[in-house]
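Beneath this line is the structure, given in structure tokens, with notes to follow.
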Amino acid sequence: MAPGGSGVPGRAQTALLLTHTIVVQAVTFMLRPASAYRALELDVPGAWLGVLGASFAVVPLVLAVPSGHAVDRFGERRVALAGSVLLAAAGLGFVLLAGSVAGLVVASMLLGTAHLCAVVAQQALVANRTPADRYDAAFGYYTFAASLGQALGPGLIVVFGGDRPIPDTRAIFLGATALALPLLVAAAFLRPSGHHHAAAGPGGGGMRDLLRQPGLVRALTVSCVVLAAVDITLVYLPALGAERGIAAGAIGVLLGLRAVASMASRLGLGRLVAVFGRRALLIGTVALSAAGLALLLPPLPFWAMAVVVTVAGLGLGAGQPLTMSFLAEVAPPGLRGRAMSLRLTGNRLGQVLIPSAAGVLAAGAGAAGVLACTAAGLAGAAVAATGLHRSPPADPETNPA
Numbered sequence: 011m012a013p014g015g016s017g018v019p020g021r022a023q024t025a026l027l028l029t030h031t032i033v034v035q036a037v038t039f040m041l042r043p044a045s046a047y048r049a050l051e052l053d054v055p056g057a058w059l060g061v062l063g064a065s066f067a068v069v070p071l072v073l074a075v076p077s078g079h080a081v082d083r084f085g086e087r088r089v090a091l092a093g094s095v096l097l098a099a100a101g102l103g104f105v106l107l108a109g110s111v112a113g114l115v116v117a118s119m120l121l122g123t124a125h126l127c128a129v130v131a132q133q134a135l136v137a138n139r140t141p142a143d144r145y146d147a148a149f150g151y152y153t154f155a156a157s158l159g160q161a162l163g164p165g166l167i168v169v170f171g172g173d174r175p176i177p178d179t180r181a182i183f184l185g186a187t188a189l190a191l192p193l194l195v196a197a198a199f200l201r202p203s204g205h206h207h208a209a210a211g212p213g214g215g216g217m218r219d220l221l222r223q224p225g226l227v228r229a230l231t232v233s234c235v236v237l238a239a240v241d242i243t244l245v246y247l248p249a250l251g252a253e254r255g256i257a258a259g260a261i262g263v264l265l266g267l268r269a270v271a272s273m274a275s276r277l278g279l280g281r282l283v284a285v286f287g288r289r290a291l292l293i294g295t296v297a298l299s300a301a302g303l304a305l306l307l308p309p310l311p312f313w314a315m316a317v318v319v320t321v322a323g324l325g326l327g328a329g330q331p332l333t334m335s336f337l338a339e340v341a342p343p344g345l346r347g348r349a350m351s352l353r354l355t356g357n358r359l360g361q362v363l364i365p366s367a368a369g370v371l372a373a374g375a376g377a378a379g380v381l382a383c384t385a386a387g388l389a390g391a392a393v394a395a396t397g398l399h400r401s402p403p404a405d406p407e408t409n410p411a
């Protein structure tokens, strides 16, 4: 047991962290769709739905780096606890303020802040408490847990809100708040890594040092492109189906296959890295996802589309945990919170800018043109990944997560 620990042993700490991850994502993915349903109940114009979505996303853009600095300065447990408190407050905010658009926006901003704090703290905890030779397996399990929570959240809408076209949003908000409350206990028992003492000073120099680390910008770029590609497939695969007369149910099956394949690749990530190496695996999986999207361009029978989408899902699922591993290895102890927050900032920028550019392209080239450009972007990311090199472990005394 590490000095200053919570009294909870290592394996229980891992279970606690993964449980915290699942519940944070599940509550977030309950509240976000439920807030949109509530806006529809209020007869909010379509443009305001965009504002509501942006109110969640804009907070990570503004506060991501400060939250990473807070993790490095005060420790992962305190920031995870703050995120847990804010998540419960966001649920309560939806309960009390959802009678107006302004109230929904305020609650969504709280939700975005809560999600950001929790995620940065979780990722820094994995990076700081895992030996470098186990990063890939640890981040694979972490991202699998996050995906599982994201899959559970929408299902819980039915549990709490019923299966009507517009569910009982108040019941969903109350249920999400109740689910968030145990996170306060879980966060309180998380054991901090102890690396935050190295970051007690001002963050400016530390950030400059971080940005100068070899390979960091490349890893951020690959992460950004891969996540944007995931978002684009969620929007433009249905659009491709509509253009080609493919039933919505069949497209739903394809999207489900992509998600399951991504989760499967994350579970087996440690073994795959042991066989192929991290750099080769990242290059290969990103190239595989590029090939998968490119193969969707000509008309295919449904079974062939299912195979291609599954292949693309395997590649897209591995990209995020592998780039987390590269960042964790490049960043020195005391700066890993900021490294993970930089990744989140880049991901959010990519999620805003790349799909927006894709929308402009879709007006002239259609869904197939968007998928072609996305495949080209992934191919470019695979080329960028060739410049990543594994560095020696930065801190051999880290404790396993």
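In the numbering used here, the protein residues as written are 11 to 411. Cβ coordinates follow ideal geometry from the N, Cα and C atoms, glycine included.
{"query": "I'd like the list of long-range same chain contacts for Leu96, defined as Cβ closer than 7 Å, with 5 residues on each side in sequence excluded.", "result": "Leu120, Thr123, Ala124, Cys127"}
{"query": "Assuming contact is defined by CB atoms lying nearer than 8 Å, are Met350 and Ala134 in contact in what I supplied?", "result": "yes"}
{"query": "So Arg353 and Ser157 are supposed to be a Cβ contact under 8 Å. How far apart are they, rounded?", "result": "Contact doesn't hold; Cβ gap of about 17 Å is too wide."}
{"query": "Going by Cα to Cα distance, which pick from Leu162, Ala49, Asp143, Arg83 is closest to Gln35?", "result": "Leu162"}
{"query": "Cutting at 6 Å between CB atoms, please list the residues of its own chain near Val81, excluding the five before and the five after it.", "result": "Val89, Val130, Ala131, Ala134, Gly347"}
{"query": "Quick check on this structure: which residue in Gly259, Ala137, Val362 has the alpha carbon closest to the alpha carbon of Pro331?", "result": "Ala137"}
{"query": "Below 8 Å between beta carbons: does that hold for Val285 and Gly325?", "result": "no"}
{"query": "Can the beta-carbon of Ser299 be found less than 8 Å from the beta-carbon of Leu388?", "result": "yes"}
{"query": "Could you tell me which of Gly266, Leu221, Tyr152 sits nearest to Ala25, measuring between CA atoms?", "result": "Tyr152"}
{"query": "Starting from Asp143, follow the alpha helix (DSSP H) in both directions and report where the run begins and ends.", "result": "Here Asp143 belongs to no alpha helix (DSSP H), and DSSP marks it neither H nor E."}
{"query": "Just verifying my parser: in three-state terms, what is the DSSP assignment at Ser118?", "result": "helix"}
{"query": "Closest to Val380 by C-alpha separation, out of Pro248, Val61, Pro311, Leu291, would be which residue?", "result": "Pro248"}
{"query": "What's the call for Arg254, buried or exposed, on a 16-neighbour Cβ count within 10 Å?", "result": "exposed"}
{"query": "Assuming Ile242 is part of the alpha helix (DSSP H), what are its boundary residues?", "result": "226-254"}
{"query": "Considering Thr187, what are the terminal residues of the alpha helix (DSSP H) in which it resides?", "result": "179-198"}
{"query": "Does Thr396 come out as helix, strand or coil in the three-state DSSP assignment?", "result": "coil"}
{"query": "First and last residue of the alpha helix (DSSP H) that includes Val54?", "result": "Where Val54 is concerned, there is no enclosing alpha helix (DSSP H), given that its DSSP letter is neither H nor E."}
{"query": "Run through DSSP, which three-state label would Gln223 get?", "result": "coil"}
{"query": "I need the straight-line Cα distance from Leu265 to Pro311, nearest angstrom please.", "result": "16 Å"}
{"query": "Quick one: Cα of Val263 to Cα of Leu62, how far?", "result": "28 Å"}
{"query": "If you draw a straight line from the alpha carbon of Pro76 to that of Phe84, how long is it in whole angstroms?", "result": "12 Å"}
{"query": "Please report the distance separating the alpha-carbon of Glu339 from that of Tyr47.", "result": "42 Å"}
{"query": "Could you check the C-alpha separation between Gly251 and Ala316 for me, to the nearest Å?", "result": "13 Å"}
{"query": "Could you name the residues of the same chain whose beta carbon sits closer than 7 Å to that of Arg281, not counting the 5 residues immediately before and after it, in chain order?", "result": "none"}
{"query": "Taking the alpha carbon of Thr179 as the reference point, which residue from Leu107, Pro141, Val245 has its own alpha carbon closest?", "result": "Leu107"}
{"query": "Report yes if the C-beta distance between Ala395 and Arg228 is below 8 Å; otherwise report no.", "result": "yes"}
{"query": "Which residues in the same chain as Ala99 place their Cβ atom closer than 8 Å to its Cβ, once the five residues preceding and following it in sequence are excluded?", "result": "Leu120, Ala124"}
{"query": "Given a cut-off of 8 Å on the beta-carbon distance, is the pair Pro175 and Ile167 in contact?", "result": "no"}
{"query": "Report back the beta-carbon spacing between Leu279 and Gly159 to the nearest angstrom; my notes put them in contact at under 8 Å.", "result": "Incorrect: roughly 18 Å between the Cβ atoms, too far for contact."}
{"query": "What residues in its chain sit with their C-beta under 8 Å from that of Gly214, if we drop five residues either side in the sequence?", "result": "Low per-residue confidence applies at Gly214: pLDDT is 48, beneath 50, and the placement is therefore not dependable, though the value from the model is reported in the following sentence. Within the same chain, Gly214 has no close Cβ partners at all."}
{"query": "Give the single residue among Arg268, Leu305, Phe170, Gly390 whose Cα lies nearest to the Cα of Ala417.", "result": "Residue 417 is absent from the structure shown; the chain starts at 11 and stops at 411."}
{"query": "Apart from the five residues on each side of it in sequence, which residues of its chain come closer than 6 Å, Cβ to Cβ, to Ala181?", "result": "Phe170, Gly171"}
{"query": "Between Arg289 and Leu114, which are expected to be in contact by the criterion C-beta below 8 Å, what is the C-beta distance as a whole number of angstroms?", "result": "Not confirmed; about 44 Å, so no contact."}
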